[in-house]
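Written out below as structure tokens is the structure these notes cover.
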DNA sequence: CAGGATCCAGCGCGATACTG
DNA sequence: CAGTATCGCGCTGGATCCTG
């Protein structure tokens, strides 16, 4: 159940991936990276995320030191989110994946089409 | 719901992340990358994955053209999995993330400790 | 406007049992 | 050994309502 066996790093990598791989975390980081600073509802609208998930994810990201939360006690309240240096630092690796994705999605789609076409008929015959 | 709003690439990036971000997909790719070729139960043991998830994930990865499946109709049967060129090509970006993780996990843990310490007491005062 | 609280549906995923 | 089929629970995450 937790026996990542011989692959010790796996657990740590896993840890990070459960954050980095989380669609909302990634999208938020990307958005904040592009826009610099965004307010709660701006993020909400931009990403089409429910405010529950936005709230939860932002708190997690803040907790992890990835985003800054600036609270302005005005009326109405105004909260601005932006990336911390740590948050900035992950943009590179993230972009790598993004680029790979954009470059290889066609290949993937193609592979899928091929796979689906013969839909597992003669797997062993050949 | 589906309104990724202005962020058109987001949906595609999301697509890839739901695969790349999937813990099992990643671990399988990493394992196959390290060992070259592995059999079903070898992967199962190495990763501590249930055979259900392993089966499902492998099929997805095969469908996406990321892994090769070589079936040997011997008795007992023997199936060998390995990375395709496409699968190989994602190892780089993946390693980027992994490296980032290993380098920054301490910073994250630290940030968390700090966050948890003041556990959201004076959020606006200070 | 920013977000907490609640409720609830869906499916992710593990455990188990069976097959070729 | 390499899977498939089934069941069941827990967590994810959206919808909704409410507050400061």
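Residue numbers (our numbering), protein chains in the order written: chain E, 14 to 139; chain C, 14 to 139. Note that CB positions come from ideal geometry on N, CA and C, so glycine has one too.
Which residues of chain E have a Cβ atom closer than 8 Å to the Cβ of residue 100(C), listed in chain order? Ordered by position in chain E, no residue passes the 8 Å Cβ test against residue 100(C), which lies about 10 Å from the chain.
DSSP three-state call for residue 15(C): helix, strand or coil? Unreliable placement is indicated for residue 15(C), whose pLDDT of 38 sits below 50; the coordinate value is still reported in the next sentence. The DSSP-derived three-state label of residue 15(C) is coil.
At 7 Å on the CB atoms, spell out the chain E contacts of residue 106(C), in chain order. Within chain E, the residues near residue 106(C) are 109, 110, 113.
Considering only their Cβ atoms, is the gap separating residue 49(C) from residue 35(E) smaller than 8 Å? The answer is no: Cβ separation not under 8 Å.
Spell out a yes or no on whether the segment 108-124 of chain E and the segment 65-74 of chain E are touching, meaning 3 or more CB-CB pairs, one atom from each, closer than 8 Å. Short answer: they don't touch.
At a cut of 8 Å, does the segment 82-98 of chain E reach the segment 81-98 of chain C through at least three beta carbon pairs? No, they do not touch.
Please report the distance separating the alpha-carbon of residue 109(E) from that of residue 114(C). The straight-line gap from Cα to Cα measures roughly 14 Å.
Top-ranked residue by Cα proximity to residue 91(E), from 76(E), 124(E), 55(E): A check of alpha carbon separations from residue 91(E) across 76(E), 124(E), 55(E) identifies 55(E) as the nearest.
So, is residue 63(C) buried or exposed, given that buried needs 16 or more other C-beta atoms within 10 angstroms? Classification for residue 63(C): exposed.
Counting contacts by CB-CB distance shorter than 8 Å, is residue 130(C) in contact with chain E? Not closer than 8 Å to any Cβ of chain E, the Cβ of residue 130(C) fails to qualify, so no.
Pick helix, strand or coil for residue 50(C), following the three-state DSSP scheme. Reduced to three states, the DSSP call for residue 50(C) is strand.
Quick one: list the residues of chain E neighbouring residue 78(C), beta-carbon separation under 7 Å, in chain order. By Cβ distance, chain E contributes 120, 121, 124.
Got a sec: is the Cβ-Cβ distance from residue 30(C) to anything in chain E below 8 Å? By this cut-off, residue 30(C) is an interface position.
Could you tell me the boundaries of the beta strand (DSSP E) in which residue 95(C) lies? Unbroken beta strand (DSSP E) run through residue 95(C): 91-96.
Inter-residue CB distance, residue 43(C) and residue 99(C) (contact presumed, cutoff 8 Å): That pair is no contact at about 15 Å.
Would residue 124(C) and residue 46(E) qualify as a contact pair, given that the criterion is a beta-carbon distance under 8 Å? The answer is no: Cβ separation not under 8 Å.
Since residue 103(E) meets chain C, which of its residues come closer than 7 Å, beta carbon to beta carbon? Per Cβ cutoff of 7 Å: 113.
Whose Cβ in chain E lies nearer than 9 Å to the Cβ of residue 75(C)? Those are 124, 128, listed as they occur along chain E.
On the DSSP bridge assignment, give the partners of residue 80(C) in chain order. Under DSSP, the beta-bridge partners assigned to residue 80(C) are 96(C).
What does the alpha-carbon distance come out to for the pair residue 51(E) and residue 38(C)? It is roughly 33 Å from the alpha-carbon of residue 51(E) to the alpha-carbon of residue 38(C).
Under 8 Å between C-beta atoms, does residue 39(E) make it to chain C? For residue 39(E), at least one C-beta of chain C is nearer than 8 Å to its own C-beta.
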